[in-house]
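Notes follow once the structure below has been shown.
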Amino acid sequence: MDGLDAFLLARIQFAANITFHILFPTISISLGWVLLYFKLRFVKSQDQFWMDAYQFWVKIFALTFALGVVSGITMSFQFGTNWPGYMEKVGNIAGPLLAYEVLTAFFLEATMLGVMLFARERVSETMHTVATLLVAGGTTLSAFWILALNSWMQTPAGFEMINGQAHVTSWFEVIFNPSFPYRLTHMLLASGLTVAFLVAGISAYRWLRDDRSAEVIASLKTGIYMAAMLIPLQIIAGDLHGLNTLEHQPAKLAAMEGIWKTEKGVPAVLFALPDEKAKENRYEIAIPKLASLYLTHSLDGEVKGLDQFEGKHPPVAPVFWAFRIMVGVGMLMLLVSWASVLRLAPWKKDPSRELTVWHARLLVAMTFAGWIALVAGWYVTEIGRQPWLVTGVLTAADAASKVPAPRIALTLAMYLVLYAVLLVSYISVVFYLARHKKHADKPFGDDGTAGDTEKALNVVNYPEKEGAAHA
Amino acid sequence: MLDLAPDLTQAAGWMPIVFLVVMGLAMLAYVVLDGYDLGVGVLMRRAGDDDKDTMIASIGPFWDANETWLVLGVGILLTVFPMAHGVILGALYLPVAFMLIGLTLRGVAFDFRVKARASHKPLWNRMFYTGSLLASWSQGYMLGSLITGFASDWWTIVFNAVIGAALVAAYCLLGAGWLIIKSEGELQLRAVRWARGSLWFTMAGVAAISIATPLVSPTIFAKWFSFPNIVLLLPIPAATAVLFGVIFRSLQRLPVRLGQGNEYGAWVPFGATVGVFLLAFYGLAYSLFPWLVIDKLTIWQAATAPEAMGVILVGALVVLPMIVGYTVFAYRVFWGKSTALKY
């Protein structure tokens, strides 16, 4: 019983840690590229407002990055403290992938970040731009290695078991395992969407507080157009990823869809309370045959149900619900971002177009929408893999450590308090920064910035406007 | 001792040694590099508000990359010596957790203190200090545990706690040396006084470890106190004593010189302290080799499969020189006295 308690506590601790950790790299990965975009626009146009946007967002980047680094270090230690069996069994594969992340990405990001943040007056403009590029590239490279490993744990390939240990037969197959391309694309797009809504939300917040400077307008539009472009791609990528899951992890898919029995022409369940004891959905609202259509592209296609994986399928309710939250937030993102584009209508020649106050408030409310979809999606992926840590190779229970439960409970309590404080601090500081810009950019109407605002309204190219931006 | 080792002409024989060296160097780089910025964090409690900003500015561009060496060191332990990783981190569960919480607190306080509202700044400054202290002390505690072979009797815990305090002092000495190089005026003179205060504790700590290490393990005792080893090894404690003397004399002379605006020798305390760290590291490495857990687990028993080590080795050989290259670049960019951080 003691061992079981320790196992449960270790799981909760690790879950808390990865949930907290993933919030921050998700922002740094894409925000790095957004910063590079701002910087390149500035270099090309020499319009100060692009640099102002850079300098505002680089602060949030630095804060995000710091949180990602410290929680990431914690995670790297917890592999050993909580799951010693993991490295002992699959260390020959996980080890090199993690080592390559540290060697190729970690040092590069951390070193160039110093140059990017503090050395703009000490190095040439080009070197500063290169540092920004290297930081963005480093974060993305990190994502590449980590997702290669995570995907391998989901759909292992390219190895053989010798004396209970995994040995590589093909590194190419290990890295480019069946689910990797889908998972990487899905994750990078999720990162892009998280940042798009963050940038749009914070900019809308500044706009609502009467900061209508060129920098704010430019950031706002960047966020909105980015979201509007990425969300359809994400829906396609998500669908393809789902098909891949159907092929390689049917138990996870059955849990996502709430399909208990293997059937032809399965319905798409919109709402239900999955009941694991009775092995059925209660209060189900479903559209007949739809799931077969989008999963097998045939109305009568057969889909494997949970009955095929007795005792070896993930807990259904959390996966089922997390999946619906992810998709629901995704749909909301589609509506809000496209409505925003329509509102700002780049193809119309009306120069006075602006957001309405309510529209801006909606964007503010969705500032961290990306996080919700992201964490939900992360739970679908990670809980959906249970009871396996590495599908078919190692269960989580077999990898758990023998650390006594009270120690895990103590450290878990400390981590939870710390994470709660840091999360609240992070969100409040981001909004605080939005209220109090410390760098010098002048509000619209000040000498010399009217032209900037006009250019900012043209962030995405469209025919020259007639007349002033604001009458 | 070599009877422990398998055939050194085979990959399974020599590769663990290579990785032990790489891991050792990564840990050494970590202790020296993050050591000075942790030390600056601990010293911050004694500084005035303006000085606090200058002190943070002196480590701002570097702390993040400094900490990455820890990830590399632990990463090698995790990936190349998975057996030892589980045993060591399992035994060090609590100090590791305390260290991580300390590193987390200081890492985020660094950013929050200038970005949050001004009235919160003193709070984040305290967090930065507390985090630095907690992380430094936990690392010292872990060092003590490693030497005592993870025993958990009362005296061992006291010994480990004392080594924890000694490492805090050693980091403060390193941090003060760093500040002497990077700061000017009143703060610089204050850093000299801080260094003097830390020096005695550091010497006591180094002495305690040197005496305790051979006593806890007959294996280590035999290694040091047999002929001719003892003659060959004598230079290590002797050179350490000389370096401590150099630091002591330099700290006596520096205030007058710096007061006259003469920076000659400002590098000596930091440089000599790094020297002490190198020697202590060498002594420790000699004592422990080839054990990862004293008398229990050798590097060969703990090592992963040769083909996995080979893959990492290729990457490390290609990438490590690049890492050293751009690290040098970053230090050159921020060469000289530290200036206010702004971006």
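Chain order of the listed sequences is A and B. At position 16 of the first sequence the residue is numbered 16 (the working numbering), and the sequence of numbers has no breaks. To convert a position in the second sequence, counted from 1, into the working numbering, add 1000. For each residue, glycine too, the CB sits at the ideal point set by N, CA and C.
Same chain, Cβ closer than 8 Å to residue i, neighbours up to 5 away in sequence not counted
i         : result
B/ARG1138 : What sits at residue 1138 of chain B in the sequence shown is Ser, not Arg. The residues are PRO1095, VAL1096, PHE1098, MET1099, GLY1102, GLY1164.
A/LEU290  : PRO267, ALA268
B/SER1042 : The question names Ser, but residue 1042 of chain B in the sequence shown is Val. Excluding sequence neighbours, B/VAL1042 sits near TYR1129, SER1132, LEU1133, SER1136, VAL1168, TYR1171, CYS1172, GLY1175.
Neighbour-count burial assignment, residue i, 16 or more Cβ in a 10 Å radius
i         : result
B/ARG1193 : exposed
B/ASN1229 : exposed
A/ASN475  : Nothing can be reported for residue 475 of chain A: it is not among the residues displayed for chain A, which extend from 1 to 471.
A/TYR54   : buried
B/PRO1016 : buried
B/ALA1272 : buried
A/GLY85   : buried
A/GLY448  : Bear in mind that the predicted position of A/GLY448 carries a pLDDT of just 36, short of 50, making it unreliable; the figure below should be weighed with that in mind. Flag for A/GLY448 reads exposed.
A/ASP210  : exposed
A/ILE224  : buried
A/PHE106  : buried
B/TYR1264 : exposed
A/VAL375  : buried
A/HIS21   : buried
A/HIS297  : exposed
B/ILE1076 : buried
B/ASP1153 : exposed
A/PRO232  : exposed
A/LEU418  : buried
A/LYS44   : exposed
Beta bridge counterpart(s) of residue i as assigned by DSSP
i         : result
A/LYS264  : A/GLU302
A/ALA159  : Per the sequence shown, the amino acid found at residue 159 of chain A is Phe instead of Ala. Bridge partners of A/PHE159: A/VAL168.
B/TRP1291 : B/THR1298
A/LEU273  : A/ARG282
B/VAL1158 : Looking at the DSSP assignment, B/VAL1158 forms no beta bridge with any residue, so it has no partner.
A/ILE287  : A/ALA268
A/TRP388  : A/THR395
Any non-hydrogen atom of the ligand MG within 6 Å of residue i CB
i         : result
B/LEU1254 : Absent from the structure shown: the ligand MG. Ligands present: none.
Sequence-distant residues of its chain with Cβ nearer than 7 Å to residue i (five each side left out)
i        : result
A/THR395 : PRO387, TRP388, LEU389
A/GLU101 : SER142, TRP145, ILE146
B/ALA987 : Lying before the first or after the last residue shown, residue 987 of chain B is absent from chain B, which here runs from 1001 to 1343.
A/SER28  : PHE61, THR64, PHE65, GLY68, THR139
Closest Cα partner of residue i within the set the options
i         : options                                    : result
A/HIS313  : A/LYS304, A/VAL266, A/ALA251               : A/ALA251
A/ARG361  : A/MET226, A/LEU220, A/LEU418               : A/LEU220
B/PHE1150 : B/THR1304, B/ILE1294, B/GLY1197            : B/ILE1294
B/GLY1107 : A/GLU247, A/GLN48, A/ALA62, A/SER191       : A/ALA62
B/ARG1126 : B/PRO1218, B/GLY1265, B/ALA1047            : B/ALA1047
B/ASP1007 : B/ILE1157, B/TRP1300, B/ARG1113            : B/TRP1300
A/LEU342  : A/TYR37, A/ALA228, A/TRP378                : A/ALA228
B/PRO1255 : B/SER1226, B/ARG1196, B/THR1219, B/TYR1326 : B/ARG1196
B/ILE1056 : B/LEU1038, B/ALA1065, B/ALA1280            : B/LEU1038
A/THR111  : B/HIS1085, B/PHE1062, B/PHE1277            : B/PHE1062
B/PRO1122 : B/ARG1045, B/PHE1201, B/LEU1278, B/LEU1232 : B/ARG1045
B/VAL1276 : B/THR1240, B/PRO1269, B/GLY1310, B/GLY1261 : B/THR1240
B/LEU1187 : B/THR1009, B/GLY1259, B/ALA1118            : B/GLY1259
Own chain, CB closer than 6 Å to residue i, minus 5 neighbours either side, in chain order
i         : result
A/VAL364  : GLY201, ALA204, TYR205
A/PRO274  : GLY258, ASN281, VAL316, ALA317, PHE320
B/PHE1112 : TRP1124
A/ALA399  : TRP83, GLY85, TYR86, LEU389
B/VAL1032 : VAL1274, PHE1277
Members of the stretch 1106 to 1132 of chain B near chain A, C-beta cut-off 8 Å: From the stretch 1106 to 1132 of chain B, only GLY1107, VAL1108, PHE1110, ASP1111, PHE1112, LYS1115, ALA1116, ARG1117 have a Cβ closer than 8 Å to chain A.
Under 8 Å (Cβ pairs) to chain B, residues found in the stretch 185 to 216 of chain A: The residues in question: there are none.
Taking beta-carbon pairs under 9 Å, can you tell me which members of the stretch 1055 to 1069 of chain B lie near chain A? From the stretch 1055 to 1069 of chain B, only ALA1057, GLY1060, PRO1061, PHE1062, TRP1063, ASP1064, ALA1065, ASN1066, GLU1067, THR1068, TRP1069 have a Cβ closer than 9 Å to chain A.
Taking Cβ-Cβ distances below 7 Å as the criterion, which residues of the stretch 357 to 379 of chain A are in contact with chain B? Flagged: no residues at all.
Short of 8 Å Cβ to Cβ, which residues in the stretch 392 to 406 of chain A face chain B? Those would be SER401, LYS402, VAL403, in chain order.
Name, going along the chain, the residues of the stretch 1205 to 1226 of chain B whose beta-carbon falls closer than 7 Å to a beta-carbon of chain A. Residues passing the 7 Å Cβ filter: none.
If contact means a Cβ-Cβ distance below 7 Å, which residues of the stretch 78 to 103 of chain A contact chain B? Against chain B - using a Cβ distance shorter than 7 Å - the residues of the stretch 78 to 103 of chain A are PHE79, GLY80, THR81, PRO84, MET87, GLU88, GLY91, ASN92, GLY95, PRO96, LEU98, ALA99, TYR100, VAL102, LEU103.
Name the residues in the stretch 24 to 58 of chain A whose C-beta lies less than 8 Å from a C-beta of chain B; which are they? Residues passing the 8 Å Cβ filter: GLN55, VAL58.
Near-chain A residues of the stretch 1081 to 1101 of chain B - C-beta to any C-beta below 7 Å: The stretch 1081 to 1101 of chain B vs chain A, Cβ under 7 Å: PRO1082, MET1083, HIS1085, GLY1086, LEU1089, GLY1090, TYR1093, LEU1094, VAL1096, ALA1097, LEU1100, ILE1101.
Check distances from the C-beta atoms of the stretch 1017 to 1028 of chain B to those of chain A and list, in chain order, the residues that come in under 9 Å. The residues in question: there are none.
What are the residues in the stretch 157 to 175 of chain A lying within 9 Å of chain B by C-beta distance? Correct list: ILE162, GLN165, HIS167, VAL168, TRP171.
Using a Cβ cut-off of 9 Å, which residues of the stretch 1311 to 1330 of chain B contact any Cβ in chain A, in chain order? VAL1311, ILE1312, GLY1315, ALA1316, VAL1318, VAL1319, LEU1320, MET1322, ILE1323, TYR1326, THR1327, PHE1329, ALA1330: these are the residues of the stretch 1311 to 1330 of chain B whose beta carbon lies less than 9 Å from some beta carbon of chain A, given in chain order.
Along the stretch 423 to 437 of chain A, where does the CB come closer than 7 Å to a CB of chain B? Name the residues. Going along the stretch 423 to 437 of chain A in chain order, one finds SER425, VAL429, TYR432, LEU433 with a Cβ nearer than 7 Å to chain B.
Check each residue of the stretch 126 to 146 of chain A: if its Cβ is closer than 7 Å to any Cβ of chain B, include it; give the result in chain order. Of all residues in the stretch 126 to 146 of chain A, none has a C-beta nearer than 7 Å to a C-beta of chain B.
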